[in-house]
Amino acid sequence: MSARTEADFQTRLQNWLPKLVLSPSLAMVLIFVYGFILFTVYVSFTDSRILPFVNNDGQRTLELIGFSNYEKLFSLSHWEISLWNMATFAGLYIGICTCLGLGLAIFLDQKIRAEGALRTIYLYPMALSFIVTGTAWKWFLDPGIGLENVMQSWGWTSFEFDWIKNRDYAIYTVVLAAVWQTSGFVMAMFLAGLRGIDNEILKAAQMDGASNWNLYRRIIIPQLRPAFLSAFVILSHLAIKTFDLVIALTGGGPGRATELPATFMYSYTFSRNQMGIGASSAVIMLMTIAAIMIPYLYAELREKK
Amino acid sequence: MSVAMQDTAIRTGRAVRVLIYLFLLLFALFYLLPLYVMLVNSVKPLSEITGGGMMALPEVWTIEPWLKAWSTAQIGVEPTGLKPYFWNSISMVVPAVAISTILGALNGYVLTKWRFRYDTILFGLMLFACFIPFQIVLIPMAAVLGFLGLAGTASGLVLVHVVYGIGFSTLYFRNYYAVFPTELVRAAQIDGASFFKIFWRILLPSSGPIAVVCIIWQFTNIWNDFLFGASFASGDGAPMTVALNNLVQSSTGVKEYNVHFAGAILAALPTLLVYIVAGRYFVRGLMAGSVKG
Amino acid sequence: MGFLDIDNTTKSYGAVEVLHKVDISVEEGKFLVLVGPSGCGKSTLLNMIAGLEDITSGEIRIKDVVMNGVHPSKRNIAMVFQSYALYPNMTVGQNITFGLEMHGTPKAEREKAMHDVAKLLQIEQLLDRKPGALSGGQRQRVAMGRALVRNPDVFLFDEPLSNLDAKLRVDMRTEIKKLHQNLGTTIVYVTHDQIEAMTLSTRIAVMNGGYVQQLGTPQEIYDTPANIFVATFMGSPAMNVVPATVRLANGRPVAEVALHDGSLAELPFSQDNLAAWEGRDILLGIRPETITDEDAADRKSSNIAHLTNRIVVTEPAGSDTFVSMTLGGKDVIARMRSDAEVRPGADFTFAVNMEKAVAFDPASKNRIVP
């Protein structure tokens, strides 16, 4: 059978073109994403301190030093604080966004007048830069000129609200601003889920005598599982990547009260000349996100097939 | 927006409805509050803000803060205002959006209409790239940009944004073309149209909506980026977000809150305008980027 | 050598072979129908002829030229798709001439060809419209126009009528048949509808499970099905398949079948060679229209057998009345005249045209060849 080799030039070209067209993008992704990931992993095992890969003695080197960067990383109180801050922030951020998003979506789904306008208002923060959001909230929450000052000038002289300057509470202001920015998005995800539920099921449940409360608790919310899953995955990955907001809102302070892994990585890599440690913290961040995203993407792509 | 109003079977009592409206309006105020704060305080003299009047409408209206933020505020070494940085952002965003959208469209076309072995795996690799914490690529990227002589330039940032933007643009076009009838492609093949002719004459004319979604998404993301801008272009080549942050965080002199607010609005204006004009497409992009597959 | 030869052709996806050694040859001007249930491989085979799928092994030739690896546009074929596949952004006229444009035909020539085809198909008034503004039947015509304008060697039709409603489907079927008669082009037509296959074709390939079960004229397929699959797939209502035992009566073979109450009836065969099966079980195939009442029995038949059996259900269908009964433990349908006096629960004497009956080997499911 010599048949298969007889393809004419045009056909062979047409067979190769698709792969040819895909290859620049693929090459970019392989080099700039996966190659760079491997390189960062490599750097995390070396004694490099600053670019261009210079070590403590000022020599250009990328000498392997085993796990000592990771050991140092986990002995740093700065890193430990940023991990705890992340736990507090992520827990509250994901929890509040989910509840608020679901609540807004359910209420918006009650044939509300001006639903479109309300949705537009709830969602516009998503179009803003975190730097803008951070700036607005930074000054609004500032005790000197913001809410506290306003309340006092309105006559409530004992009013105090200095969370943003308070080591114990500053992290909650980050939660507040982040929730403000993304809860509308979560609302949209849940609203799409609600609109996707078959109305006949709801009618059947009502014929069965289900109250509104039971309708939501037993029929509707269980059917929103995919939306819950998406919301969780998106929110947790946003939480881990949170960087700009902290920079603009608190700069990581007061003290280290709002340091997160992303800000930790940035300052160790670029301002403290501890690139090896910075790289190892980036690897930890990547592994955390990968643990959440890979199973999710895998399931999504499998379903599509 | 993307989700159409549907006739719900759920009925609620009058009192409950009043409570629902109250709740919804309360949160509308919550979401509008920072915008209100930014707007009113950008048009009043500094003294009114420091005097406890942040929530009040201006007693004296002034556009001075806007002018100052735009052209004379001290950001870098020179008192240039945000203007040059605004143009930095524009010259970074336009090519980055164009290139990543075109590549995404071609990738989506190949991945859906010219399927080959491992295409799903390749797409998975591209998709995962959207979600990595970019800290993981900062160090080698800084080294490579330095090596290429692109550090601190708009071209460098264009490269960065294209590389990390094609995942999403490919996702959009792939999902859109996945439901585009493959029979049309086959008919065109029989009609003798080549690979690019099929794309140009058959798919592209029907790709308007998804192109808008993709362009808006890329525009918003790239305009709003801070991490890459701060890492690779912190000096005169900095984009708007970095410049705004420098303006607000600068510790020299009196804090001119009204100028900061005006600057924040200037930085937000392009994406906000896009949102107001084409919010429907923005939300579609948002949803397609979250509920993948 | 025919006009279109499919020679020992197979198709595999990875390790899975979905088409097994297909051998079909079509003469110039013939109408070949590939028919079978979904997933039988008929569309895959059509796509291989079109060049939209590779050929794993074997050859496909058009006019004696091997087509393996030749680009679809260079095979001089045209295809009408199930969804019509009209380019939504182009007008009807642009849709029709797109292929000519791609092949570099000058504009004047394209225009002329377009108008000729539009006239032939009576769609001249639609030329400036977009496909979205057309009805299903109009889209169908445009899709055919797009194929016709190329003046191809072979026309390929992929279930072209399945998206039309019942009445339009019958009209378009006639239209396609007329077109074939007038133009005399070679057509390969894929359908799952056995009536389309019977009415349109000059040759039918019945496919199932990646195999060509039988290749022949419509009459051959209908009267002498190669196996039980072909027998029951072609014809509506389907051929009755009744377990029976071969006996000898006066030295000639008869089929012994159980009636509704378990008593036995004998139906004499016309095929004497079945005597070799004496004492063995077979499956007896009887088409519903060969079971009637005495008055409607085929006068030309030399072998009308009679059996009296109880009627279970009657289904008047206007032109005919379908009667169901139990025979050999199976439900059996008889097709009676509409004025036949049949009542459920009553016993009735049926006339069975045994000349048309066929016998199958219960083990291999193949027809026992006389």
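Chains as they are written, first to last, in full-length UniProt numbering: chain A, 1 to 305; chain B, 1 to 293; chain C, 1 to 370. Heads up, the beta-carbon is just placed ideally off N, CA and C, and yes, glycines get one too.
Using 8 angstroms as the limit for Cβ to Cβ distance, is residue i near chain B?
i, result
"A:V237", "Reading off the sequence, residue 237 of chain A comes out as His, not Val. Yes, contact with chain B."
"A:I65", "no"
"A:F36", "yes"
"C:L52", "yes"
"A:I240", "yes"
"A:D47", "no"
Determine the closest residue to residue i out of the options, with distance taken between C-alpha atoms.
i, options, result
"A:G155", "B:G52, B:R17, B:K68, B:P270", "B:G52"
"C:T185", "C:F3, C:M354, C:V230", "C:F3"
"C:Q286", "C:A255, C:L161, C:R75, C:V16", "The amino acid at residue 286 of chain C is misidentified as Gln; the sequence shows Ile. Ranking C:A255, C:L161, C:R75, C:V16 by Cα distance to C:I286 puts C:A255 first."
"A:W180", "A:I197, A:A136, A:F45", "A:A136"
"C:F229", "C:G328, C:P362, C:Y84, C:K130", "C:P362"
"C:D293", "C:F348, C:A275, C:V332", "C:F348"
"A:K72", "A:F89, A:F45, A:F32", "A:F45"
"C:P243", "C:K74, C:S236, C:N8, C:A258", "C:A258"
"B:M54", "B:W66, B:M38, B:A142, B:W61", "B:M38"
"A:I65", "A:F9, A:D47, A:T263, A:V150", "A:D47"
So that I know if they touch, is there some Cβ in chain C lying closer than 8 angstroms to that of residue i?
i, result
"B:I190", "yes"
"A:T182", "no"
"B:K197", "yes"
"B:L122", "no"
"B:A193", "yes"
"A:R4", "Annotation note: pLDDT 41 at A:R4 (below 50); position unreliable, coordinate value reported separately. True, the Cβ-Cβ gap to chain C drops below 8 angstroms."
"A:T11", "yes"
"B:P95", "no"
"B:E59", "no"
"A:K305", "Unreliable placement is indicated for A:K305, whose pLDDT of 49 sits below 50; the coordinate value is still reported in the next sentence. Not one chain C Cβ lies under 8 angstroms of A:K305."
Have a look at residue i and residue j and give me their C-alpha separation to the nearest angstrom.
i, j, result
"A:E80", "B:A233", "30 angstroms"
"B:V242", "B:F226", "6 angstroms"
"A:L17", "C:G104", "22 angstroms"
"C:A226", "C:F360", "9 angstroms"
"B:S47", "A:S77", "42 angstroms"
"C:V22", "A:L26", "40 angstroms"
"B:F195", "B:K113", "10 angstroms"
"A:S230", "A:A299", "12 angstroms"
"C:M79", "C:D158", "7 angstroms"
"C:N68", "B:Y177", "29 angstroms"
"A:L141", "B:A267", "20 angstroms"
"B:K197", "C:N8", "35 angstroms"
"residue 306 of chain A", "A:V233", "As displayed, chain A neither begins before 1 nor continues past 305, which places residue 306 of chain A out of reach and without an answer."
"A:K19", "A:L13", "10 angstroms"
"B:L103", "B:L122", "15 angstroms"
"A:D198", "C:L126", "40 angstroms"
"residue 374 of chain C", "B:I166", "Nothing in the structure corresponds to residue 374 of chain C, since chain C is present only between 1 and 370."
"A:E63", "A:A282", "19 angstroms"
"B:I210", "B:V274", "15 angstroms"
At a Cβ threshold of 8 angstroms, is residue i touching chain A?
i, result
"B:A187", "no"
"B:I222", "no"
"B:W70", "no"
"B:Y172", "no"
Can you find a CB in chain E that lies within less than 8 angstroms of the CB of residue i?
i, result
"A:Q152", "Judged by its chain identifiers, the structure shown contains no chain E, and its protein chains are A, B and C."
* **Chain-ordered residues of the stretch 39-57 of chain B with a beta carbon less than 9 angstroms from chain A** => Within the stretch 39-57 of chain B, the qualifying residues are N41, I49, T50, G51, G52, G53, M54, M55, A56.
* **Chain-ordered residues of the stretch 93-115 of chain C with a beta carbon less than 9 angstroms from chain A** => none
* Interfacial residues, the stretch 69-89 of chain C to chain A, with Cβ spacing under 8 angstroms -> G69, V70, H71, K74
* Asked: Hey, is the stretch 163-175 of chain B in contact with the stretch 207-223 of chain B, meaning 3+ C-beta pairs nearer than 8 angstroms?
  -> Touching, yes, given that three or more Cβ pairs across the two stretches are closer than 8 angstroms.
* Flag this pair as touching only if the stretch 118-136 of chain A and the stretch 177-185 of chain A have three or more C-beta atom pairs under 8 angstroms; answer yes or no. => yes
* **Interfacial residues, the stretch 200-223 of chain B to chain C, with Cβ spacing under 8 angstroms** => R201, I202, P205, S206
* Is the stretch 75-94 of chain A touching the stretch 237-255 of chain A, taking contact as three or more C-beta pairs under 8 angstroms? -> yes
* Any 3 or more C-beta pairs closer than 8 angstroms across the stretch 253-265 of chain A and the stretch 163-179 of chain A -> yes
* Asked: Can at least three beta-carbon pairs, one atom from the stretch 100-117 of chain A and one from the stretch 15-28 of chain B, be found at a separation below 8 angstroms?
  -> yes
* Asked: What residues in the stretch 209-231 of chain A bring their beta carbon closer than 7 angstroms to a beta carbon of chain B?
  -> From the stretch 209-231 of chain A, only N212, L215, S230 have a Cβ closer than 7 angstroms to chain B.
* Asked: Using 8 angstroms as the Cβ pair cut-off and three pairs as the minimum, do the stretch 259-278 of chain B and the stretch 29-36 of chain C touch?
  -> When C-beta atoms of the stretch 259-278 of chain B are compared with those of the stretch 29-36 of chain C, fewer than three pairs fall below 8 angstroms, so the two segments do not count as touching.
* Asked: Are at least three pairs of beta-carbons, each pair with one atom in the stretch 142-162 of chain B and one in the stretch 90-104 of chain B, less than 8 angstroms apart?
  -> yes
* Counting Cβ pairs closer than 8 angstroms, one from the stretch 270-289 of chain C and one from the stretch 235-251 of chain C, do we hit at least three? -> yes
* Asked: Is the stretch 148-157 of chain C close to the stretch 88-108 of chain C, with three or more CB pairs under 8 angstroms?
  -> yes
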